[in-house]
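J.:
Chains as they are written, first to last, in the numbering used here: chain L, 2 to 610; chain V, 2 to 610.
1. State the Cα-Cα distance for the pair residue 397 of chain L and residue 367 of chain L, rounded to the nearest angstrom.
2. Hey, out of L:248, L:223, L:200, L:139, whose CA is closest to residue 153 of chain L's CA?
3. From L:202, L:204, L:171, pick the residue whose C-alpha is nearest to that of residue 190 of chain L; which is it?
4. In chain order, what residues of the segment 97-124 of chain L put their CB closer than 8 Å to some CB of chain V?
5. For residue 485 of chain L, decide whether its Cβ has a neighbour in chain V, counting only Cβ atoms nearer than 8 Å.
6. Closer than 8 Å, CB to CB, is residue 64 of chain L near chain V or not?
7. Here's the rule: buried if 16 or more other CB atoms are within 10 angstroms of the residue's CB, otherwise exposed. What is residue 354 of chain V?
8. With DSSP run on the structure shown, which of helix, strand or coil describes residue 176 of chain L?
9. Which residues in the same chain as residue 359 of chain L place their Cβ atom closer than 7 Å to its Cβ, once the five residues preceding and following it in sequence are excluded?
10. Beta carbons nearer than 7 Å to chain V: which residues of the segment 33-57 of chain L have them?
11. Provide the residue(s) that pair with residue 213 of chain L in DSSP beta bridges, ordered along the chain.
12. In chain order, what residues of the same chain have a beta carbon less than 8 Å from the beta carbon of residue 547 of chain V, not counting five sequence neighbours either side?
13. Considering only residues of the same chain and omitting the five flanking positions on each side of residue 196 of chain V, which have a CB-CB separation below 7 Å?
14. So which residues of chain A does residue 511 of chain L contact, with C-beta pairs closer than 7 Å?
15. Starting from the C-beta of residue 462 of chain L, find all residues in its chain whose C-beta is less than 6 Å away, skip the five residues before and the five after it, and write them out in chain order.
16. Bridge partners for residue 252 of chain L per DSSP, in chain order?
17. Across the segment 122-140 of chain L and the segment 576-590 of chain L, are there enough close Cβ pairs to call them in contact, namely three or more that are closer than 8 Å?
18. Can you tell me which of V:380, V:269, V:132, V:531 puts its alpha carbon nearest to the alpha carbon of residue 324 of chain V?
19. Looking at residue 286 of chain L and residue 506 of chain L, is the spacing between their C-beta atoms short of 8 Å?
20. State the Cα-Cα distance for the pair residue 529 of chain L and residue 106 of chain V, rounded to the nearest angstrom.
21. Excluding five sequence neighbours on each side, which residues of the same chain lie with their C-beta closer than 7 Å to the C-beta of residue 308 of chain V?
22. Give a yes or no on whether the minimum CB-CB distance between residue 155 of chain V and chain L is below 8 Å.
23. Tell me whether residue 581 of chain L sits in a helix, a strand or coil according to DSSP, three-state version.
24. Is it buried or exposed, residue 449 of chain L, if we count other Cβ atoms within 10 angstroms and call 16 or more buried?
25. What is the C-beta distance between residue 71 of chain L and residue 100 of chain L, in whole angstroms, given that I count them as a contact (C-beta under 8 Å)?
26. Grab me the residues of residue 98 of chain L's own chain with a C-beta within less than 6 Å of its C-beta, minus the 5 sequence neighbours each way, in chain order.
27. What's the gap between the Cα of residue 499 of chain L and the Cα of residue 556 of chain L?
28. Between V:400, V:409, V:474, which has its C-alpha nearest residue 331 of chain V's C-alpha?
29. Can you pull out the residues from the segment 152-176 of chain V whose beta carbon lies closer than 9 Å to at least one beta carbon of chain L?
30. Answer yes or no: do residue 434 of chain L and residue 264 of chain L have a C-beta to C-beta separation smaller than 8 Å?
31. Use the C-beta contact count for residue 200 of chain L: other C-beta atoms within 10 angstroms, 16 or more gives buried, fewer gives exposed.
32. Are the beta-carbon atoms of residue 609 of chain V and residue 604 of chain L separated by less than 8 Å?
33. Determine, using beta-carbon pairs with one atom in the segment 581-598 of chain L and one in the segment 39-54 of chain V, whether at least three such pairs fall under 8 Å.
34. If you count every other CB in all the chains shown that lies within 10 Å of the CB of residue 306 of chain L, and 16 or more means buried, which is it?
35. Tell me the DSSP secondary structure of residue 13 of chain L in three-state form.
36. In whole angstroms, what is the alpha-carbon distance linking residue 485 of chain V and residue 377 of chain V?
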C-alpha cells in the first residue's frame, strides 16, 4: 500500500487522521530555515505538505526537487491560511516521515497551464506535457465523452462489435496504408479507412444496431489538424429511415452535452438542405451560432426563390467589378458602421490574402443617422446604396461587406469573411453549442483531376428514394450530367446527412444501398468495371443477395467531437499521443528504418526515387 | 418506421394490437392450401406469422422463401398451440399485408445451430454464419464481457485512454507487422504488439489508472487458435504493489462472472508459485478444476520438500526404463482400476503419439479388493507397488499412470495426460470456473535458437524486490547463469503474475521497472547494446528520469477470456470476422495484390524469393 488517500481526497473532516500519500512534488516553498511547504500532486488533486525541522531534524525537505516522486506519512492538520481555490484547501499534512520513490531531473519545460515549452519540445516530451492540467482535462473530457456515448448507445440497444484492422485495399476513397503480409508474399493488407463495409455486413447478419469507437487510417497529406490515424464513433442501424437516424444521433450528442458539460440542449436541432447551406452560408457546415447570412446580390447560377441573385440592384451602374463578376455576395455585419478607414483597410488586406484570394472588398456603412456611405459612392447613389442594404437585411449601424468574382471562390471567401467577422465580434463562443443537420447532399461530384464522377459521401450511400428510378433507368453518365454552381454536382440527391456543431462537421452518414442492382449501378457510375467491382467488393455484392435489410448509419469524428465540446479547434490537444504534420511521432521517433531481416522476411525492398 | 415492435417483444398482453414487424423468414410451413405459418426472425427473437388466403386472397405467402426480408402488418392473436420454448410463444400475428423488402437466394448452408456448412464455407459467407444463433450468442457474450469490464474499471477509477497504432518497430518480443510510410520514404511504422510502453508513459504522466480494450498485432506463424490481430483488456496502475493488482483484477473477473453468467464467485482465488505449478501440474497454467497432481517419483533435478523425487521407491528394481530415466512421474486417476486391457492399450497408444512423444506407459491398478496389479509386475513386488501407490496418494480403485524419460518432455507429457484423463472423466466442465494466480516466474529464460537470455514476460518486468540488488550488482550473465529443470531459467524471479482460468492463461502482468539504471541493466542482460537500447527505447529511459512512479499492470487476452467464459476453447468463434490459419480473411480475400501506383508512392517493390 503506497497510499491511504489520494492527493485530492482529504477534507477538514479528516483532521487528526494519520495518512500516507504519494505523488509528485509540484512546488517547494521554503519559509525560513526550518519550514518547507510542498504541494504534492497526483491525478486527483493537490495537497499541501508541511515539512518542519522543528518537528524532526530528519525532515529536511532540501533534497526534494520539482517532479520528484515521494511517499509521505503524516497527520492531517487544519490550515492556518485556507486556500479556497482547491478542494483540499482547508487542510495540510504535517509530515512525519518521507521516502523518495524516484528523483526527477529538471523538466525541459514547466508543468503548468501556461508552460514555457514550445510545441516541438512538448511533443518530444509528451509524457511530461500530459502532466499539465490543461492537457489532462482534455484527456479526461475525451474519456467522459466516450463513456457517455457508450452508455447512450447501450441503452438504445446498440452492441459494440469489433471489426478487423488487417483488411483489403479499396480503390474508392482516400489512400490506404498497406501492410505487407509475410505469410502471403507479394500480398498486402490495408488498414481500414472506416469499418463501412463491415458494419453493413453486420446489418446483413441481423445485428440490428452496431457501434464501435474505433481507429481509422488515411494516408493523406496532412493539413493542419489532420491525423493519419483518427477515431470514429461508428454506428449502424437496420430497418430505419433518415428520420429515425437523425433522432437517434442528435439524442446521442444531447446526452453527451448533458453528461459531460451539464448542458440541457432542449432546442430542436435545426435542419438545412445542402443547397441552402451553400447559398446562405457559402459552405456545407455553417456555424449557426450567429446570423450574418450571405446575400446573393448576383449569381450566374439561378435558384428557385433567389430572385435577388439576378443582379438587378447592382448591375448597370458602371462599376465594372460588379458588372463583370459571376457572383456578388454581401454580408451585413451588425454594429460596425463606425469602422475607421484603418479598420476597413485592414479588412481589405485580409480578403486579399492568398488563402482568401479576393481582389478587393466593397463597404456600405449604414450609419445610425440614416445616411449610407460606401467605398463605391461614385457608382451608386445613396438611394441605391439604401436599396442594396435593405435587400441585404442590414440594420441601422451595420457595415455591409461585399465581395465579387468567380462563383466558387467568391462564395468560399464570403464564408470565410463571415466566420472571421463572427470571431472578431465574439459571436463564436466556445461554451455555446448549436447543432445543425445538413441534408440533401448531391450524390456525386465531379473530380476534375480524375476526370470522373466520385461519390460525395461514399459509394454505399443510397440516392433519395425518388431518385432511385433515375439511377436504375439511366446511363450513369446521363444521370450525373447536370452541373450545379461552378463545380459540377449531380442533380441526383443522396439520402445522406451531416451533423454540424458550431461550424464543424462532427458526424456524417447515410441510408445505404441494400440492393445488388443499385449498388452495381453506383459502382458503374463511378467508372468501375464490373470485374473491378467484383474483385474489390464482391463480398458486399454477394451479401446483398441473401436478404440484406434496409439500413443506414452515421460516424462521428470522435477526435473533433471532443475538441469542439472542449472548446478547442485543435484535435491534437485531445489525443494522448498525436503525430505531427509529417505523420511523425517525435517522441518515439517513428516511422523509422527497419532491419534487413524484416525486408527479407517480407520479400520487399526499397525503391527510393 | 419500418416496425412498431421487434420479433422478440410481443406477449399475450399485446393481443388485439395492430403491429408492424420486419425481419427475416426463418421457416415456411404450409398447412393445406390456404394457410401458411412463417417464423419471422430478427436479433431479438422469433415471432410466428399466420398467412391465410381465407383472410385475404392477396395474402399468398408462396413467393416468400428462407431468409427473405419482409415487413408485415397484422393483429396480435392468441396462439392455439402455444410454444413454451420461445418468449413470444403465446401469440402469433394474423397478417393483414406484407411487403418484400429484399429477396434472398438460397443460402449456401442452413442458418441453424447445427448447420450443414463446413468451416471454409462458413468463413467465406461469414455474414450468413453470423446469423446463426450459436455464433450470435458468442458475439453478444463478447459485448457483455466488455461492457461489464468497462463498468468495473470505471467504478474503480480507471480511464480509457487510446494509444497509437502507427508506432515504431521494436527488437524484443514477437515479429512486428510494419507499414511503409509514404511521407517518410524508406521508413516504416510498426503496428503495436501491445500498448506496453505507452501505458507505462501514461503512468509517468500521472494518469494513475489506465485501461483500454485494444487490438494488438503479432506477425507469428499461426498455430491453431492464434490470430494475427487480437484484443486485450489492457490495464495499468500507479503506486501499487503486487497484492493491489491481484485483488483489483480478480475482482474484475469475478464481476464479469456475475454480470455475464450470474455466477457468484465467492471463493478466494488460489495462488501458486510457478515452480509449484511446474512440479505438481507439469505446466504454468494448471487446470485446477480437478486434482490428479503429478507425483514426481524421480527427478534429476532437486527441489526442497520433494524428497520423493529422488527415486528411492523405484530405482534398483532392474526396470531399466525407470532406472535410466531422468524423470519418472505418476498420476493417480480415480476410479479407473477396472480399465480393460483394450483401454490401457489405447492410453498407451495415446501417449506414444508424436504430439506426446512418450515411449510407453506404466500402469498400477489399485484394485478395490486391496490387491495391486501392474504392467511391471516382474520388476516390482506387490508390496513395492503398494508403497509406490501410497506415496502417489492413490486411493482404492485408482489407476496409477506412470511416464518416464527426459525431464522436460516427460513433464509435458504427464501434464497432457492429466488433462486428457480429466476430460475423459468429465472433470473439466465448461460451466465450472476456477481461477488461479500463478506467481514468482523466473525473470529470464534461455532461448537456445538465439543463444541468449530473453525476458520470460517482457523487458519491462521488475525483478522481485529481493532480487533487484542481484540485478544491479552483478554482471547480467552471472545473474542469469543458474539453470532450473532441463530448460535454463534464471534464478532471479520476476515480480510477475499470470491469471489462469480452467487451464488457460487469460491474463498476465507484472510490476514494472521504473528506474533508468535497472531498466538499462535489463536491456544489457538481454544482449542489447547501449546504442540499440537508446535507439529503440530512448523515450522510455528518458521518461524514467523525470519522476516515474512505481507502477504495474496486467493485460487480459480478451478473445480467450470470452471463449473460456463462453465454454469454448476456440477464440475464432468469438471474433466477428476472424482470419484463417494462413492469416487470410477468406470473405474479403485479403491480403491481396496492390496497384503499381501504390508501390510507386510508397517507394518499395517486391523482392520475391
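Positions of the beta carbon are idealized from the N, C-alpha and C atoms, including for glycine.
T.: The relevant details are as follows:
1. 5 Å
2. L:248
3. L:171
4. 102, 103, 104, 105, 106, 108
5. Residue confidence for residue 485 of chain L is low, a pLDDT of 48 falling below 50, so the modelled location carries little weight and cannot support an answer.
6. no
7. exposed
8. coil
9. 352, 353, 404, 406, 414
10. 43, 44
11. L:235
12. 205
13. 164, 213, 215, 235
14. The chain inventory of the structure shown lacks chain A, comprising the protein chains L and V.
15. 495, 497, 511
16. Its beta-bridge partners do not exist; DSSP assigns none.
17. yes
18. V:380
19. yes
20. 25 Å
21. With a pLDDT of 45 at residue 308 of chain V, under the threshold of 50, the modelled position of that residue is not reliable, and the figure given next carries that caveat. So no residue of the chain qualifies.
22. yes
23. coil
24. exposed
25. 7 Å
26. 74
27. 9 Å
28. V:400
29. 155, 158, 160, 161, 162, 163, 164, 165, 166, 167, 168, 169, 170, 172, 176
30. yes
31. buried
32. yes
33. no
34. Low per-residue confidence applies at residue 306 of chain L: pLDDT is 48, beneath 50, and the placement is therefore not dependable enough to give any value.
35. helix
36. Caution applies to residue 485 of chain V, whose pLDDT of 48 falls short of 50 and renders its modelled position unreliable; the value that the coordinates give is listed next. Using only the alpha carbons, I get a separation of about 31 Å.
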